[in-house]
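Q: For reference, the structure I am asking about is given below.
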Amino acid sequence: MVHFDHENKRVQLALRSHEILSTLMKPQDQNPADCVTLWHPEYADYKIAATPGKPYGHLPVHFNMVEANMRLRRQQGQQLLGKDEYVLSTSNFPRNGCPEFTWPTHKPTPSTSASASIFFPDEVIFPNHPRFKTLTRNIR
Numbered sequence: 001m002v003h004f005d006h007e008n009k010r011v012q013l014a015l016r017s018h019e020i021l022s023t024l025m026k027p028q029d030q031n032p033a034d035c036v037t038l039w040h041p042e043y044a045d046y047k048i049a050a051t052p053g054k055p056y057g058h059l060p061v062h063f064n065m066v067e068a069n070m071r072l073r074r075q076q077g078q079q080l081l082g083k084d085e086y087v088l089s090t091s092n093f094p095r096n097g098c099p100e101f102t103w104p105t106h107k108p109t110p111s112t113s114a115s116a117s118i119f120f121p122d123e124v125i126f127p128n129h130p131r132f133k134t135l136t137r138n139i140r
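Sequential numbering of the sequence shown, starting at 1, is according to full-length UniProt numbering.
See below:
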């Protein structure tokens, strides 16, 4: 997810998945058998991940369902974002690790953070699951 600051002509990673993921996951928590999409936490707080609610079939006609399901997942995520926020499908954000690459802006604190990074503030790590910061501490 990204945040566009049109006035300053800046695009930053929107650290909001911890705010919107619980809303996206409500239907699957209440009735998982009827969900067309399933939402999952990701390592970074600017990512939202979804999978189809059920596996696709093995027939050629099922290939036509993939794109529609991907479009639906994007729409579900986009509905919960603010006016200047957008869902992007990209392998990496070009300014990742540069000064002020997040929105809201956070500065790295290498002496006290789990990542000990001089480029990547811990606020980028998804805060609502203990696995992610623990993983970070164990691999540095």
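Even for Gly, the Cβ is constructed at its ideal location relative to N, Cα and C.
Please read all numbers here as calculations on a predicted model, not as lab measurements.
Given Asn64, which residues of its chain have a CB within under 8 Å of its CB, disregarding the five upstream and five downstream residues?
A: none
Q: May I ask you to report which of helix, strand or coil DSSP gives Leu13?
A: strand
Q: Under 8 Å between the Cβ atoms of Val66 and Gly77?
A: no
Q: Assuming Thr23 contacts Leu80 (C-beta within less than 8 Å), just tell me the rounded distance between them.
A: 6 Å
Q: Which of the three DSSP states, helix, strand or coil, is assigned to Ala68?
A: helix
Q: What whole-angstrom Cβ distance do Pro104 and Leu15 have, given they're in contact under 8 Å?
A: 7 Å
Q: List the endpoints of the continuous alpha helix (DSSP H) containing Phe4.
A: Per DSSP, Phe4 belongs to no alpha helix (DSSP H); it is in the beta strand (DSSP E), Val2 to Asp5.
Q: Does the segment 25 to 38 come within contact of the segment 105 to 122, defined as at least 3 CB pairs closer than 8 Å?
A: no
Q: Is Asp84 near His3, with beta carbons less than 8 Å apart?
A: yes
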